[in-house]
Amino acid sequence: MAETHPRPHAIVFSYPYQGHITPTLDLATNLASRGFTITYVQLEFVHHAISNAHDGAEDVDFFVEARQSGLDIRYTTISDGFPLEFDRNLNLNEYWEGMIRDFPDRVDELVGALTSRMRRPRPFSWLLILYTHGRLPLPRNTTL
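Below, the structure written as structure tokens:
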């Protein structure tokens with residue numbers, strides 16, 4: 308039986324620094340457990356670094372157990388526009404200037420690709436959540 312009300316679909320990006328990834332993974336899992344379809348987007352260089360930390364396994368998947376429990380969480384990567392070898396810490400200003408200038412277009416492409424794969428594309432309603440270190444400030448009467 309088809310759902311009469313399709314699930315809301317959240318696209319979750321993590322800030323690409325240590326200390327931000329795990330809370331964002333937790334946010335994605337929490338939203339999925341509340342009925343959201345989640346597409347978790349990781350920067351390619353972060354995915355590469357995590358894969359190398361797991362003995363070079365390219366198929367590192369944070370959400371295997373969540374999916375096995377029935378949650379709808381998808382995982383994909385996106386380029387930040389720099390080669391994997393580029394030292395983002397050494398060239399911090401160049402990196403963030405490039406991200407601010409070029410990354411929005413990459414996100415537009417990704418969202419376009421995601422919506423084109425939907426069976427019945429519908430307009431997205433956007434909610435920007437600034438999420439840092441496990442704290443999600445919400446107005447008192449707001450629920451997820």
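As numbered in the working numbering, residues 308 to 451 make up the sequence shown, in order. Where a beta carbon is used, it is the ideal one built from N, C-alpha and C, also for glycine.
Contiguous beta strand (DSSP E) assignments of at least 3 residues, all confined to the region 381-411:
none
Should residue 407 be labelled buried (16 or more other beta-carbon atoms within 10 Å of its own) or exposed?
exposed
What is the residue span of the alpha helix (DSSP H) that residue 325 lies within?
Counting along the chain, residue 325 falls outside any alpha helix (DSSP H), and DSSP gives it neither H nor E.
Would you call the CB atoms of residue 418 and residue 385 closer than 7 Å?
no
Nearest-angstrom Cα separation, counted from residue 401 out to residue 340:
38 Å
Counting C-beta neighbours from all protein chains within 10 Å, is the total for residue 450 16 or more, i.e. buried, or is it exposed?
Residue placement at residue 450 is poorly supported in this model, since its pLDDT is 47, which falls under 50; the coordinates still yield a value, given next. It is exposed - the Cβ of residue 450 has fewer than 16 other Cβ atoms within 10 Å.
For the candidate residues 345, 416, 331 and 422, whose alpha-carbon lies nearest to that of residue 378?
345
Residue 356 versus residue 318 - alpha carbon distance
22 Å
Cβ shell of residue 342 (< 8 Å), same chain only, five flanking positions each side left out:
314 and 315
At which residues does the beta strand (DSSP E) containing residue 348 begin and terminate?
344-350
Expressed to the nearest angstrom, what Euclidean distance is found between the alpha-carbon atoms of residue 324 and residue 405?
17 Å
Tell me the DSSP secondary structure of residue 319 in three-state form.
strand
Distance between beta carbons of residue 367 and residue 358, contact taken as under 8 Å
5 Å
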